[in-house]
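Asks: My questions all concern the structure below.
Number of protein chains: 2
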Amino acid sequence: MTLDALPTHQGGAEQLARLLAQALLAGHWQPGDVFPRELDIGKHFAVSRNQVRNALTSLTAAGLLERTAGRGTLVREIGDWHLLDPLMSEWMTGLINLDPQLVRAIYAFRYSAEPVVAGLAAQAAQAEDIERLESAFAGMESSAGSVEARAEHAEYDVAFHDATYRASHNLVWRQMGHLLRPSIMALIHRSQHRTDTLDDSLARHRQVLDAIRNRDASGAESAAREVLRRTAIDLGIVN
Amino acid sequence: MTLDALPTHQGGAEQLARLLAQALLAGHWQPGDVFPRELDIGKHFAVSRNQVRNALTSLTAAGLLERTAGRGTLVREIGDWHLLDPLMSEWMTGLINLDPQLVRAIYAFRYSAEPVVAGLAAQAAQAEDIERLESAFAGMESSAGSVEARAEHAEYDVAFHDATYRASHNLVWRQMGHLLRPSIMALIHRSQHRTDTLDDSLARHRQVLDAIRNRDASGAESAAREVLRRTAIDLGIVN
DNA sequence: GTCTAGTAAATGTCTGACATTTCCACAAGC
DNA sequence: GCTTGTGGAAATGTCAGACATTTACTAGAC
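Line by line, the protein sequences give chains A and B. Per UniProt numbering, the first sequence starts with residue 1, numbered consecutively. Per UniProt numbering, the second sequence starts with residue 1, numbered consecutively.
Here it is in structure tokens:
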């Protein structure tokens, strides 16, 4: 794999890191491949060696690359990637072609975790948390009708789940929710929402909201599970 | 807070990053405080500005610091820390004086998550997973008697929990377990194990192992909950 | 008083040189 | 023939200095 296939670069080291990372996430290089040298990258994108090094430092920190003085830069295998690294999370945003294996793993995680989180939220939610959930749900409702508002609907959907994690009032879960944002977005974009299934999805979200509002922990748990069952159907994981 | 209270530094930028990060994790600086300037740090530890910048880049990536050209470096509040960053995980290893707020948050997360993980493990565990759990438990048993084997016992304890996460056969949970390693270690070191409580802890771990071996998901869930109740008592969170 | 220009101080960036590590080839010695 | 050592090439790692950019503060003009 050469650099020629990549789009032209514009901006600082962060942009360059994002560009290279997404190329790696899309599988443009195979694990074990040697990555281009610093000087070549710098020459190709017309940036200083400093910028290249800063970018490569990020990719290395995320477990995508392995660098050794004298040998060069190697591409690591998927199992070594730091999926929960915030940088990864950022790079995955807007990336639609996720590995199917990864999609299933993330779904399975959410199916096991999110009911618990919803239960915690029902216990710990405060007024502002309820407000966030309500406004996200209202956004989902208002953007449910039209087809062109699909992106907007996805935003509100993600906001709803994020608000749920946040309402648990646990530092770790909250971060988890933040990190899962792009994954959830990818799942939503993969799931084909027809209008009838959309109504069903809305109804299930509403039950989560109501249960949290009523401080009904076990109700929130089962409602969250129902939301994810709906997601599974839309994803084609089950029928 | 000045730099004078910190131990002397020896090694590269990673060592320096670790040193500064641990000082931050221990709460030596308050959120909002200004962090020492690059040149001062370099002078104090007798390292080049480059090393300092590399170290500070890591701390910034982990959400510990916020740097702005012209203003300087500020310490961010605990809610902004990237607790799930692998770097954090590394820095927390061997650190016994964790922020109490952090200890409670991590414990609360484990109390909500680990039962679910144990349940998944009971469903998905394969022969090698059971083996890992068994050998970890055997190590815990053999090192339970003597006082001098306390560090060894902690190792096996951590290995047991790690094996549980791994047995869930979910990529995300597995990484989660890996990231939680140092936190779990810190929790174990904080908990004062007397010999009588240690027997109790062992018995509860055994129940988790048995439930997973018998593919008893709900049994594993409640057993894992019991293990964490024991931990809570040892931590002094509850009586 | 208020706005503005200027100045100091901090982080960000570029550049070139040098250090260190690794691999490879080639030759010497047993 | 096999090992061993030695040297050079190539890659990343480190350093030092100058310069750029951003920010906050201050002094002065009006």
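For glycine and all other residues, C-beta sits at the position ideal for the given N, C-alpha and C.
Answer with yes or no whether the minimum CB distance from P31 of chain B to chain A is below 8 angstroms.
Replies: Cβ-Cβ to chain A under 8 angstroms: no for P31 of chain B.
Asks: Does the pairing of the segment 92-107 of chain B with the segment 17-26 of chain B give three or more beta-carbon distances under 8 angstroms?
Replies: yes
Asks: Using a cut-off of 7 angstroms between C-beta atoms, extract the partners of H82 of chain A located in chain B.
Replies: Neighbours of H82 of chain A on chain B, chain order: P86.
Asks: From the beta carbon of N170 of chain A, is the nearest beta carbon of chain B less than 8 angstroms away?
Replies: yes
Asks: When burial is assigned at 16 or more other CB atoms within 10 Å of the CB, is D199 of chain A buried or exposed?
Replies: exposed
Asks: Given H189 of chain B, which residues of its chain have a CB within under 7 angstroms of its CB, disregarding the five upstream and five downstream residues?
Replies: The answer, listed in chain order, is I96 and A154.
Asks: Give me, in chain order, the residues of the same chain whose beta-carbon lies closer than 7 angstroms to that of L53 of chain A; leave out the 5 immediate sequence neighbours on both sides.
Replies: The question names Leu, but residue 53 of chain A is Arg in the sequence shown. Cβ neighbours of R53 of chain A beyond the five flanking positions: E38.
Asks: Report yes if the C-beta distance between A118 of chain A and E221 of chain A is below 8 angstroms; otherwise report no.
Replies: yes
Asks: Pick out whichever of B:L180, B:L171, B:A113 and B:V147 has its Cα sitting closest to the Cα of A223 of chain B.
Replies: Residue B:A113 is the option with its Cα nearest to A223 of chain B.
Asks: Determine whether the beta carbon atoms of W173 of chain B and L120 of chain B lie at a separation below 8 angstroms.
Replies: yes
Asks: Just curious, the alpha helix (DSSP H) that L83 of chain B is in, first and last residue?
Replies: Unbroken run through L83 of chain B: none, as it is neither H nor E.
Asks: Could you tell me the alpha carbon to alpha carbon distance between L87 of chain B and W81 of chain B, rounded to whole angstroms?
Replies: 11 angstroms
Asks: Going by the CB atoms, is the gap between V147 of chain A and R181 of chain A shorter than 8 angstroms?
Replies: no
Asks: What do you reckon, are the CB atoms on A211 of chain B and A122 of chain B nearer than 8 angstroms?
Replies: yes
Asks: When you compare the CB of A108 of chain B with every CB in chain A, is at least one pair closer than 8 angstroms?
Replies: yes
Asks: Which one of A:R206, A:Q175, A:H161 and A:T195 has the shortest CA to CA distance from residue 253 of chain A?
Replies: Because chain A spans 1 through 239 in this model, residue 253 of chain A falls outside it and cannot be assessed.
Asks: How about A136 of chain A and Y156 of chain A: are their beta carbons less than 8 angstroms apart?
Replies: yes
Asks: Can a CB atom of chain A be found closer than 8 angstroms to the CB of W173 of chain B?
Replies: yes
Asks: How many Å lie between L187 of chain B and Q175 of chain A at the Cα?
Replies: When rounded, the distance between both Cα atoms is 20 angstroms.
Asks: Taking 8 angstroms as the CB-CB cut-off, is V116 of chain B touching chain A?
Replies: Closer than 8 angstroms: yes.
Asks: In terms of residues, what are the limits of the alpha helix (DSSP H) holding L74 of chain B?
Replies: That residue, L74 of chain B, is in no alpha helix (DSSP H); its beta strand (DSSP E) goes G72 to V75.
Asks: Are the CB atoms of A26 of chain A and A55 of chain A within a distance shorter than 8 angstroms?
Replies: no
Asks: In its own chain, which residues sit with a C-beta less than 7 angstroms from the C-beta of H205 of chain B, not counting the 5 before and 5 after it?
Replies: F137, M140, F160 and V227
Asks: Have a look at V34 of chain B and V75 of chain B and give me their C-alpha separation to the nearest angstrom.
Replies: 6 angstroms
Asks: Return the first residue and the last residue of the beta strand (DSSP E) that R67 of chain B is part of.
Replies: L65 to T68
Asks: Name the chain A residues whose beta carbon is nearer than 7 angstroms to that of G79 of chain B?
Replies: L171
Asks: Let me know the beta strand (DSSP E) ranges lying completely inside the segment 8-68 of chain A, each 3 residues or longer, listed in chain order.
Replies: 65-68
Asks: Using only alpha-carbon positions, find the residue among B:D129, B:A163, B:D85 and B:V47 that is nearest to S58 of chain A.
Replies: B:D85
Asks: Mind pulling the chain A residues with CB within less than 8 angstroms of L179 of chain B?
Replies: Going along chain A in sequence order, the residues near L179 of chain B (Cβ under 8 angstroms) are L84.
Asks: Establish whether the CB of L120 of chain A and some CB of chain B are separated by less than 8 angstroms.
Replies: yes
Asks: Got a sec, what are the start and stop residues for the alpha helix (DSSP H) V147 of chain B sits in?
Replies: Counted as a single uninterrupted DSSP element, the stretch harbouring V147 of chain B is not any alpha helix (DSSP H), since DSSP gives it neither H nor E.
Asks: Among A:E90, A:S168, A:G72 and A:S48, whose alpha-carbon lies nearest the alpha-carbon of R215 of chain A?
Replies: A:S168
Asks: Take G63 of chain A as the anchor and find which of A:G32, A:R166 and A:A149 has the nearest alpha-carbon.
Replies: A:G32
Asks: Enumerate, from N- to C-terminal direction, the unbroken alpha helix (DSSP H) stretches of 4 or more residues contained entirely within the segment 94-178 of chain A.
Replies: 100-124, 127-142 and 150-167
Asks: Just checking: is the beta-carbon of A61 of chain B within a distance shorter than 8 angstroms of some beta-carbon in chain A?
Replies: yes
Asks: By Cβ distance, which residues of its chain are closer than 6 angstroms to P115 of chain B, with the 5 residues on each side in sequence left out?
Replies: Same-chain partners within the cutoff: E221, A224 and R225.
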